[in-house]
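There are 2 protein chains.
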Amino acid sequence: MSTGEDDEGRQAWLRTVAADVARLDRSSSAERAADILRRSITEGALPPGAQLSEIELTEVLEVSRNTLREAFRLLTHEGLLVYKLHRGVFVPELDERDVVDLYRLRRVLEVDVVRGLAERDPELPAGRLEPLQDDVEAAEAAALADRWAAVGTANMRFHQHLIGLADSARMDAMTGRLLAELRLLFHVIATPQELHEPYIARNRGLFELLEARKYEQAAADLHQYLLDSEQGLLDAFRAR
Amino acid sequence: MSTGEDDEGRQAWLRTVAADVARLDRSSSAERAADILRRSITEGALPPGAQLSEIELTEVLEVSRNTLREAFRLLTHEGLLVYKLHRGVFVPELDERDVVDLYRLRRVLEVDVVRGLAERDPELPAGRLEPLQDDVEAAEAAALADRWAAVGTANMRFHQHLIGLADSARMDAMTGRLLAELRLLFHVIATPQELHEPYIARNRGLFELLEARKYEQAAADLHQYLLDSEQGLLDAFRAR
DNA sequence: AGAGTAGAGATTGTTCAACAATCCTGCAAG
DNA sequence: CTTGCAGGATTGTTGAACAATCTCTACTCT
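Those protein sequences? They're chains A and B, same order as listed. If you read the first sequence in my numbering, its first letter stands for residue 881, the second for the next number, and so on. If you read the second sequence in my numbering, its first letter stands for residue 881, the second for the next number, and so on.
Rendered as structure tokens:
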């Protein structure tokens, strides 16, 4: 390995490796258990209101009670579980006020990210929008296959990647939480198709505006997009 | 207690009591330990970079290792500690990029809250600004007594209460985290006076604008306020 | 019959002791 | 100066035990 090569590329490579390493030595037991539970919750196997028995789960997940409780704590702070003292952990039951709260934050964060792109457009490396494109196409493909849960997932990832453009670790973390909670809300909806379908095309529209660097219009569109999405969720909620 | 009294006051009272009860049956051990550690960290007794030994702390805090680890998890998700697998927990060392990241979020959230006040001004109950006034006065009093750490605390509370005006549980939680991390940054600053002093008057100015319902101007002021504050922190950082 | 209550059983909160897995230190060898 | 290898220290995880609290049933009293 020669010493005088370009520093920027080397730095980028170092970060990639560091990220890989960090992914490898995941604190295993507790986080592995949390991963499994997280999927069960976001995919709806554990519906809102369900209680998670410690004894039962120690057997299923094959971890000790202490480790399981650490997994609970992890998920608690992601908003996917709530603790009730001396009564156990439950999958939270979100209501319409949570919808309003979540969408308010989504609007603030996402719209700001898109607006902020205008200022730092020059320094934005090429190919930065690729993850967004992949998500759009994944959603379209899933829709054709009538897999509406997968459509919802792809749409979520689209927004997560959108926030990712801001290069803010804290925004990423917050968005992860917000979207996880949103998933919780989706499970009370009977017909996921009409909930997700309209936003496949709108995501593509948004992506194309970003690609064309029309950031201000993209921000305006996104704002209305999120208002509509919120309204749709509220309607579905009241009709349940 | 008569039955026909005004409902709004009663609702408010019920919430107060509920909050008190919730505070009482705090999951005790783990959260109590976390409280102590939190104060030690935010007050600087545990400086950034310090490692927290499990054995040592079990003796000091008089809790078991398992409970202590749960306290660690709590603080980890507040951003006040970081886990390094098989190496222990550490007080994080934030750098200039974190300053930029934190302030970006502060600007987005706080400015949006103030802007949002314009729309819901009518439904805003009287006395809602009182906590802000208290914080302003506390800061002024602490400054007169040359207690600059207390000034910093009061200024922090001012912003926390400002966010509180939005009635968003998630914004409150996020702000709590952001401000806690900010406190971490303050400890690398040698002279807290020049860092906090300018913002006593600016907080009062902001409060008066809010009281006068000049929300748009308040938002603009706050935006610049936070830009200046960020710059001050960055300068102090580079001069360390 | 219905309301209130006491107690049994189940679940969570917390502790302790032990062992496995990993990291850090210092030292020797190349 | 780097590499490889003990040995000691620290963390990760487990299982069992006991205390504290909740829930539900059955009973008593009016």
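Idealized CB from N, CA, C, for every residue including glycine.
Cβ neighbour criterion (16 or more within 10 Å) applied to residue i
i, result
"B:ILE1043", "buried"
"A:HIS1076", "buried"
"A:SER1048", "buried"
"A:GLY1007", "exposed"
"A:ASP1026", "exposed"
"B:ASP981", "buried"
"B:ALA910", "buried"
"A:ARG918", "buried"
"B:HIS1041", "buried"
"B:SER966", "The amino acid occupying residue 966 of chain B in the given sequence is His; Ser does not appear at that position. Exposed, because fewer than 16 other Cβ atoms sit within 10 Å of the Cβ of B:HIS966."
"A:ALA1099", "buried"
"B:ARG1120", "exposed"
"A:ARG1057", "buried"
"B:GLU1003", "exposed"
Sheet register partners of residue i (DSSP bridge)
i, result
"B:VAL1068", "Per DSSP, none; premise fails for B:VAL1068."
"B:LYS964", "B:GLY968"
Chain-order list of residues whose beta-carbon lies under 7 Å from that of residue i (same chain, five-residue window excluded)
i, result
"A:ILE916", "LEU941"
"B:ALA1018", "ALA1034"
"A:ARG1037", "ASP1015"
"A:ILE1069", "LEU1075, ALA1116"
"B:ALA914", "ALA951, LEU954, LEU955"
"B:ALA1029", "PRO1072"
"B:LEU1102", "GLU990, VAL991, VAL994, LEU1086"
"B:LEU1045", "VAL993, LEU997, ARG1008"
"B:VAL901", "Below a pLDDT of 50, predicted positions are generally treated as unreliable, and B:VAL901, at 49, falls in that range; the measurement from the model is reported next regardless. Once the five neighbours on either side are set aside, B:VAL901 has no close Cβ partner at all."
"B:GLU1091", "LEU1009"
"A:GLU1020", "ILE1080"
"B:SER944", "THR938"
"B:LEU1089", "GLN1097, ALA1098, ASP1101"
Residue i CB to nearest heavy atom of the ligand NAD below 7 Å
i, result
"A:PRO1002", "Annotation note on the ligand NAD: not contained in the displayed structure, which lists no ligands."
Own chain residues within Cβ distance below 8 Å of residue i, not counting five before or after
i, result
"B:THR922", "LEU960, ALA1060, ARG1063, LEU1064"
"B:THR956", "VAL962, TYR963, VAL969"
"B:VAL979", "LEU1065, GLU1110, LEU1113, LEU1114, PHE1117"
"A:MET1051", "LEU989, VAL993, ILE1043"
"B:HIS1067", "GLY924, PRO927, PRO928"
Nonlocal neighbours in the same chain, by C-beta distance under 6 Å from residue i, ignoring five residues either side
i, result
"B:TYR1079", "ASN1035"
"B:ALA1023", "VAL1031, ILE1080"
"B:LEU974", "LEU1064, LEU1065"
"B:PRO1005", "none"
"B:LEU1107", "none"
"B:LEU926", "SER920, VAL971"
"B:ALA1053", "none"
"A:LEU932", "VAL969"
- request: Please go through the segment 971 to 1032 of chain B and give each complete alpha helix (DSSP H) segment of 4 or more residues, from N-terminal end onward.
  value: 976 to 999, 1010 to 1024
- prompt: Where in the segment 911 to 949 of chain B do unbroken runs of the alpha helix (DSSP H), each at least 4 residues long, occur, reported from the N-terminal end onward?
  reply: 934 to 941
query: Is the segment 979 to 988 of chain A close to the segment 944 to 961 of chain A, with three or more CB pairs under 8 Å?
result: no
message: Using 8 Å as the cut-off, can you tell me whether the segment 1093 to 1100 of chain B makes contact with the segment 988 to 1006 of chain B, which would need three or more C-beta pairs spanning the two stretches below that distance?
response: yes
- prompt: Which full runs of the alpha helix (DSSP H) of 4+ residues lie inside the segment 1062 to 1107 of chain A, going along the chain?
  reply: 1072 to 1091
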